[in-house]
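Novice: Here you go, one structure.
Residue numbers (this note's numbering), protein chains in the order written: chain G, 4 to 205; chain W, 4 to 205.
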């Protein structure tokens, strides 16, 4: 990988980390360039604006996380165990950030979307895309759970939206309270939302 | 009310409105002073910092809303109907802002907390206080619902937290999707979270 590409990768990583830890408004292009050790001219060579960098950085983060979500939501795994693995994955990611920074950071997409969606159309669209990706995993899982007789027939799209909303809210609470254990409530409450009985991992 | 007090009231109102519509980071003290027609010297006479103004403005907003929440959660009203009135109140407030600005703004406290809670301890504390105020209404309602045989015995504090998380998440989704109708899902999903059957208003 050439020098230019290294610089681009560093900008993406630093932008994602700083914005997630702090906020979009409190992190300047100068802050990002300083931390990434990239000159401002190079920044604008790669990205027309801070908003374009943020959108690319958040997409890049999703692409890095996706194999873990694909594994958790594998159709090879019994449906309610997929939900269990999803909750574990969320908890592990948050605890690893908490150990590193002393702060629960919550959902990177939810936090950015809360701050910017009335002001930045590109970021609003990216957030909607993210939420619908999570819904796709969940819908397929609920459909399989129903076909295996584990939950009743229900509007799986609507119910997946409800789960995404609930998880976003818990992530926000965990960020505000700075307590990773808040996230332990996710699994039982997802099961309440879909009317499944408590799942015991095999 | 003297001129100084008018200026303070205008600063509180303008700060709340601008930050809710946009974000904390994108609104400067100059923006607030300009819109409120207050000189910057007067601003610092009333508030040591932008963060102090925001904290006071959000508390002031809560005090204005509180009579409506007190009415919705009155112990004179049957418990599940209180939840129905709570959902209606949320919907009405959001639709009135949508009509005014063409934007669903979501929860003012959740949005501010998402942006600032890793950076501003005063605002983080204010957000936690707000969330616990909502929990207090909900806990008392769930306890009454149980005593009237409408829901099963459960951890009412934990379940109230789950409702607050879910509502925060739906409000965030509604802000991102800019669709007030997203909020229509709140009532049935609260009932799912507490295991109550669908409530038909009397």
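For glycine and all other residues, C-beta sits at the position ideal for the given N, C-alpha and C.
Which runs of the alpha helix (DSSP H) spanning at least 4 residues fall entirely within the segment 120-176 of chain W, listed in chain order?
Specialist: The qualifying runs are 124-150.
Novice: Compare the Cα-Cα distances from residue 72 of chain G to each of G/92, G/170 and G/44 and report the closest residue.
Specialist: Among G/92, G/170 and G/44, the Cα nearest to that of residue 72 of chain G is on G/92.
Novice: What's the C-alpha gap between residue 193 of chain G and residue 184 of chain G?
Specialist: Residue 193 of chain G and residue 184 of chain G: Cα-Cα distance of roughly 16 angstroms.
Novice: Quick check on DSSP: helix, strand or coil for residue 106 of chain G?
Specialist: Residue state, collapsed to three classes: coil.
Novice: Between residue 58 of chain G and residue 126 of chain G, how many whole angstroms is the CB-CB distance? I'm expecting something under 8 angstroms.
Specialist: Confirmed, Cβ separation roughly 6 angstroms.
Novice: Please list, in chain order, the residues of the segment 82-115 of chain G that have any C-beta partner in chain W closer than 8 angstroms.
Specialist: Within the segment 82-115 of chain G, the qualifying residues are 106, 108, 109, 113 and 114.
Novice: Where does residue 97 of chain G sit, in a helix, a strand or coil, going by DSSP?
Specialist: Correct three-state label for residue 97 of chain G: helix.
Novice: Pull up the distance between the alpha-carbon of residue 95 of chain G and that of residue 169 of chain G, whole angstroms please.
Specialist: Roughly 18 angstroms between the two C-alpha positions.
Novice: Along the chain, where does the alpha helix (DSSP H) containing residue 191 of chain G start, and where does it finish?
Specialist: Unbroken alpha helix (DSSP H) run through residue 191 of chain G: 189-197.
Novice: Which residues of chain W have a Cβ atom closer than 9 angstroms to the Cβ of residue 187 of chain G, listed in chain order?
Specialist: Per Cβ cutoff of 9 angstroms: no residues; residue 187 of chain G is ~10 angstroms from chain W at best.
Novice: Would DSSP call residue 32 of chain G helix, strand or coil?
Specialist: Here residue 32 of chain G sits in helix by DSSP.
Novice: From this set, G/86, G/105, G/29 and G/48, which residue's C-alpha is nearest residue 143 of chain G's C-alpha?
Specialist: Among G/86, G/105, G/29 and G/48, the Cα nearest to that of residue 143 of chain G belongs to G/86.
Novice: Using 10 angstroms around the beta-carbon of residue 203 of chain W, count the other beta-carbons present and answer buried if the total reaches 16, otherwise exposed.
Specialist: Caution is warranted here: a pLDDT of 44 is assigned to residue 203 of chain W, below 50, making its placement in the model unreliable, and no coordinate value can be reported.
Novice: Leaving out five residues on either side along the sequence, give the residues of the same chain with a beta carbon under 7 angstroms from the beta carbon of residue 113 of chain G.
Specialist: Contacts found: 171, 174 and 175.
Novice: Using a threshold of 8 angstroms, state whether the C-beta atoms of residue 97 of chain G and residue 186 of chain G are closer than that.
Specialist: Yes.
Novice: Would you mind reading off the limits of the alpha helix (DSSP H) that contains residue 69 of chain W?
Specialist: It spans 53-75 - the alpha helix (DSSP H) in which residue 69 of chain W sits, taken as one unbroken run.
Novice: Helix, strand or coil for residue 26 of chain G? Go by DSSP, reduced to three states.
Specialist: Coil, per DSSP.
Novice: Is any beta-carbon of chain W found at less than 8 angstroms from that of residue 148 of chain G?
Specialist: Residue 148 of chain G does not count as touching chain W.
Novice: Alpha carbon to alpha carbon, what distance is there between residue 150 of chain W and residue 199 of chain W?
Specialist: Those two C-alpha atoms are separated by around 13 angstroms.
Novice: Find out if the Cβ-Cβ distance for the pair residue 14 of chain W, residue 46 of chain W is shorter than 8 angstroms.
Specialist: Contact flag set, yes.
Novice: Whose C-beta lies closer than 7 angstroms to the C-beta of residue 164 of chain W among residues of the same chain, with five residues either side of it excluded?
Specialist: Excluding residues within five positions, the ones whose Cβ falls inside 7 angstroms are 138.
Novice: Does residue 169 of chain W have its Cβ less than 8 angstroms from a Cβ in chain G?
Specialist: Judged by the 8 angstroms Cβ criterion, residue 169 of chain W is in contact with chain G.
Novice: Using a Cβ-Cβ cut-off of less than 9 angstroms, list which residues of the segment 116-136 of chain W approach chain G; keep chain order.
Specialist: Those would be 116, 117, 118, 119, 120, 121, 122, 127, 130, 131 and 134, in chain order.
Novice: Starting from residue 46 of chain W and walking both ways along the alpha helix (DSSP H), at which residues does that stretch end?
Specialist: Element bounds for residue 46 of chain W: 43-49.
Novice: Return the residues of the segment 26-49 of chain W that lie within a Cβ-Cβ distance of less than 8 angstroms from chain G, sorted by chain order.
Specialist: Under the 8 angstroms Cβ criterion, the segment 26-49 of chain W contributes 26, 27, 28 and 29.
Novice: Is residue 173 of chain W close to chain G? Criterion is C-beta to C-beta, closer than 8 angstroms.
Specialist: Closer than 8 angstroms: yes.
Novice: Relative to the alpha-carbon of residue 180 of chain G, which residue among W/116, W/136, W/34 and W/153 has its alpha-carbon at the smallest distance?
Specialist: That would be W/116, whose Cα lies nearest to the Cα of residue 180 of chain G.
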